[in-house]
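Structure record follows, encoded as C-alpha cells.
Number of protein chains: 2
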Amino acid sequence: MMLTKLLTILCGFGQKLVMSTQPADDRSRAPTAAEIADWIRERIRRGRFVPGQRLVEIDIIRGTGGSRSKVRDALQRLEGEGLVTIEEFCGASVRTASLEEVRQIYRARAALEGISAADFARHASAGDRLRLRELHGGLESCVSGNAPERFGRLNGEWHGLIVSGSGNVVIGDVLQRLNVPIHRLLFESFYSAERLRTAIDDHRAIIEAIEAGDATLAEAAMRRHIEDGFETLSSIDHEVNG
Amino acid sequence: MMLTKLLTILCGFGQKLVMSTQPADDRSRAPTAAEIADWIRERIRRGRFVPGQRLVEIDIIRGTGGSRSKVRDALQRLEGEGLVTIEEFCGASVRTASLEEVRQIYRARAALEGISAADFARHASAGDRLRLRELHGGLESCVSGNAPERFGRLNGEWHGLIVSGSGNVVIGDVLQRLNVPIHRLLFESFYSAERLRTAIDDHRAIIEAIEAGDATLAEAAMRRHIEDGFETLSSIDHEVNG
DNA sequence: GCCGATGAGATTGTCGACAATTTGCAAAGG
DNA sequence: CCTTTGCAAATTGTCGACAATCTCATCGGC
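Heads up: the protein sequence lines correspond to chains X and C, in order. Per my numbering, the first sequence runs over residues 1 to 242. Per my numbering, the second sequence runs over residues 1001 to 1242.
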C-alpha cells in the first residue's frame, strides 16, 4: 500500500484532472508539431498544467486534434527545452524546478542580462533607447495604477528589449529558454507594491547608466536588480513553504 | 568558394560523400534515439559531417542500425540543440555558424564563464581548487611538449572544472549546449604556439585571482581570456576566408 | 542549341496497427 | 483488516506501409 503510493509519486503521480472536452481546435486543419508544443507550453504557463502533472498523449490528442506522432514530437521537443521530463513507459510530465535550480537560473540571468545591459549602453540604436524609456513610463503608470498583470507583461518586454537591443540573438535564445520553467513565477505577479517600486527604481538607475553611456555601471545595476528579484522570490517561497 | 558557401546555406547542396558502409554497429541490440543522436553528434564533432552537409535518414539508418523513427527522433533532438536544421521535405543538415553567431556565442560564454570564475573563487571545494592546479600543470607541459591535441582536451576540462566547481549546473548545461556548434573550432587546435602561451598566461592569472579570493578579478580575467580567444579565432578566419 | 514539360527515382512526412509495459482493481489467503 | 497475487484496461514504445514532395535526367518543341 505504502509502496504503491510511493511508486505513484515517483513515476506518474496520477493527477487525472478532467479536461474540458472541446473535441478539437477551432480551425479544421491539423495542427503541426510546433503548434501542439505551443498549446502545451501555453497551458503550462497559464497554470492549467501544474508541475508534476502527467501529460497523457490521448488527452493532448483530444485537446489539439493532432495525430499521435505529432503529439509525441511536440512532447519530445518540450523535453529538449527542459519544460517536461519523459520517462520510459511513464510518459511526459511537467518538470518541477527546485528552489536551488531557480537560484541557478537567476544567476545565469544575472550574468547574461548584465552583459546585455552593458552592450545595450554601448551600441543600441536610438529607436531602442527611446522605446526603453516608453516602456519604463508604462511600468511607472502600472505601479501607481496598481495593475500587476500589465506590469508583469511590460516588465518582460522591458527586459527583452535590453537583450534584443544589445544585438545578441544567441543570448536572447538562451534567456528565453531559461525563463520557460520559471515563467509562472515571473508573470503570476504576487509581488508586493513595495517590490514593484523597488524594481522601478532599479530600472531607472539602469536607464540612467545607459543614457550616460556607462556600460560598466549599467551591467552592475542590472545584475543587482536581478539578484534582488531572486531574493524577493526566495523570501516569498520561505513564507509559503515553511 | 563563395558560391559553395551560398549553396550550402540554401537547401540541400548534395554533398553526397560516400559513407564507410559498415552495415551496423558492433553490438547487435538496436540503439536508442539518444545513442543515435550521440553517434551523429560525435561525427559532427570529428568533422566527418561538415557544416551544410545534408543528413540523409537512410544513411544514418545504415550507419547506426536504428529504425527510421529512432533516427528521426534523434535528428529532431539535435535540432532542439541547435546542431542541425530541419526543413520541410529537405530533411536535416548540419547547421553552419556564421562568424557573427560565433561572436555572439563567445560573448555569452564570456558572461557565463566569467560569473562562474567568480563563484568558483568564492566557494569552490579544496579538491576542485587542487584539481585546477593539476590541470594547469598538464596544460603547461603540453605547451612545452608541443601537443596541441592534448592541449585542446585538457583546456576543455579546465574550463569545465571552473563551471562545475562553481556549483551551477544550469550554467553548465547552457555552456555545453553553446559549445556544440563551435566544438570543432575549439578542439581542432589550429592555434599557434604563441596563442597557447598567451592562453597559459591568462589561466595563470585567473588561478592566482582565485587563490587570492578575489572574485571580481577572477571574473574580469576570465572574460578577457575568452574574448581574446575569439579575437584569435576571428583573425584566423579572416586569413582563411578573406 | 536552348528551354520548359514530364516522368521516374529518391527522400521525407504522416498515420495507424501491434508489442511492451505499467496501472488499477479485485479476489484469494493469512 | 491487511497483504499479496493475478488479470484487464490504459498507456506508451516501435515499426513498417503509404502519401506527399523534391531532384534530376530525359525528351520534345522552338
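The C-beta atom is built at its ideal place from N, Cα and C for all residues, glycine as well.
From this set, the options, which residue's C-alpha is nearest residue i's C-alpha?
i: Ala-246/X; options: Val-143/X, Leu-132/X, Arg-68/X and Ser-144/X; result: No statement about residue 246/X is possible, as the shown extent of chain X runs from 1 to 242 and does not include it.
i: Leu-1083/C; options: Lys-1070/C, Cys-1090/C, Gln-1104/C and Ile-1040/C; result: Ile-1040/C
i: Val-94/X; options: Leu-130/X, Leu-139/X, Ile-44/X and Ile-58/X; result: Ile-44/X
i: Ala-221/X; options: Ala-111/X, Pro-51/X, Glu-88/X and Gly-167/X; result: Ala-111/X
i: Ile-236/X; options: Glu-134/X, Leu-99/X and Ala-34/X; result: Leu-99/X
i: Leu-178/X; options: Glu-42/X, Val-102/X and Gly-52/X; result: Val-102/X
i: Leu-1075/C; options: Gly-1066/C, Ala-1092/C and Asp-1059/C; result: Ala-1092/C
i: Phe-1049/C; options: Ala-1205/C, Ser-1192/C, Gly-1080/C and Thr-1096/C; result: Thr-1096/C
i: Phe-89/X; options: Leu-55/X, Asp-119/X and Ile-60/X; result: Leu-55/X
i: Glu-1087/C; options: Ala-1126/C, Ile-1060/C, Ala-1199/C and Gly-1052/C; result: Gly-1052/C
i: Arg-72/X; options: Thr-85/X, Gly-65/X, Glu-57/X and Gly-80/X; result: Glu-57/X
i: Arg-68/X; options: Arg-46/X, Pro-31/X, Glu-81/X and Glu-42/X; result: Pro-31/X
i: Asp-1128/C; options: Arg-1150/C, Trp-1158/C, Glu-1140/C and Gly-1114/C; result: Trp-1158/C
i: Asp-119/X; options: Glu-79/X, Gly-172/X, Glu-227/X and His-183/X; result: Gly-172/X
i: Ala-199/X; options: Val-170/X, His-183/X and Ile-226/X; result: Ile-226/X
i: Asp-1214/C; options: Thr-1085/C, Ala-1121/C, Asp-1059/C and Ala-1037/C; result: Ala-1121/C
i: Gly-229/X; options: Thr-85/X, Ala-212/X, Ser-192/X and Glu-211/X; result: Ser-192/X
i: Gly-114/X; options: Gly-160/X, Gly-152/X, Leu-139/X and Ile-61/X; result: Gly-160/X
i: Arg-150/X; options: Leu-196/X, Arg-109/X, Ile-182/X and Val-180/X; result: Leu-196/X
i: Glu-1134/C; options: Thr-1085/C, Val-1174/C and His-1203/C; result: His-1203/C
i: His-1183/C; options: Ala-1033/C, Ala-1034/C and Glu-1042/C; result: Glu-1042/C
i: Ala-37/X; options: Arg-46/X, Leu-185/X and Lys-70/X; result: Lys-70/X
i: Ser-1234/C; options: Thr-1216/C, Leu-1139/C and Leu-1185/C; result: Leu-1185/C
i: Arg-1046/C; options: Thr-1216/C, Val-1174/C, Thr-1232/C and Pro-1181/C; result: Pro-1181/C
i: Thr-1232/C; options: Ala-1212/C, Thr-1216/C, Glu-1194/C and Leu-1139/C; result: Glu-1194/C
Run through the DSSP bridge pairs and tell me what residue i is partnered with.
i: Leu-55/X; result: Ala-92/X
On the criterion of 16 or more Cβ atoms from any shown chain inside 10 Å, does residue i qualify as buried, or is it exposed?
i: Gly-1063/C; result: buried
i: Arg-1107/C; result: buried
i: Gly-176/X; result: In the sequence under discussion, the amino acid at residue 176/X is Gln, which differs from the Gly named in the question. Looking at its Cβ environment, which holds fewer than 16 other Cβ atoms inside 10 Å, Gln-176/X is exposed.
i: Cys-1142/C; result: buried
i: His-1123/C; result: exposed
i: Gly-137/X; result: exposed
i: Ser-981/C; result: Nothing can be reported for residue 981/C: it is not among the residues displayed for chain C, which extend from 1001 to 1242.
i: Arg-223/X; result: buried
i: Ala-126/X; result: exposed
i: Ile-1207/C; result: buried
i: Arg-1029/C; result: exposed
i: Asp-1201/C; result: exposed
i: Arg-1027/C; result: A caution first: Arg-1027/C carries a pLDDT of 47, below 50, which makes its placement in the model unreliable, though a value can still be read off. The residue in question, Arg-1027/C, is exposed, as its Cβ has fewer than 16 Cβ neighbours within 10 Å.
i: Gly-1080/C; result: buried
i: Gly-66/X; result: buried
i: Val-1169/C; result: exposed
i: Arg-77/X; result: buried
i: Gln-1104/C; result: buried
i: Arg-109/X; result: buried
i: Leu-1003/C; result: Bear in mind that a pLDDT of 32 at Leu-1003/C, under 50, signals an unreliable position, so the number given afterwards is only what the model happens to contain. Leu-1003/C comes out exposed.
i: Ala-1034/C; result: exposed
i: Ala-1218/C; result: buried
i: Leu-154/X; result: buried
i: Leu-130/X; result: exposed
How would you write the range of the beta strand (DSSP E) that residue i sits in, first residue to last?
i: Val-84/X; result: 84-87
Tell me which residue opens and which closes the alpha helix (DSSP H) that residue i is part of.
i: Pro-1148/C; result: 1148-1165
i: Asn-1179/C; result: 1169-1179
i: Arg-77/X; result: 68-81
i: Gly-127/X; result: 126-145
i: Ser-1116/C; result: 1099-1123
i: Arg-1043/C; result: 1033-1045
i: Arg-197/X; result: 193-211
Item checked: Stretch pair the region 1161-1172 of chain C + the region 1140-1148 of chain C: three plus CB contacts closer than 8 Å -> Taking a cut-off of 8 Å for Cβ pairs, the region 1161-1172 of chain C and the region 1140-1148 of chain C do not touch, as fewer than three such pairs fall below it.
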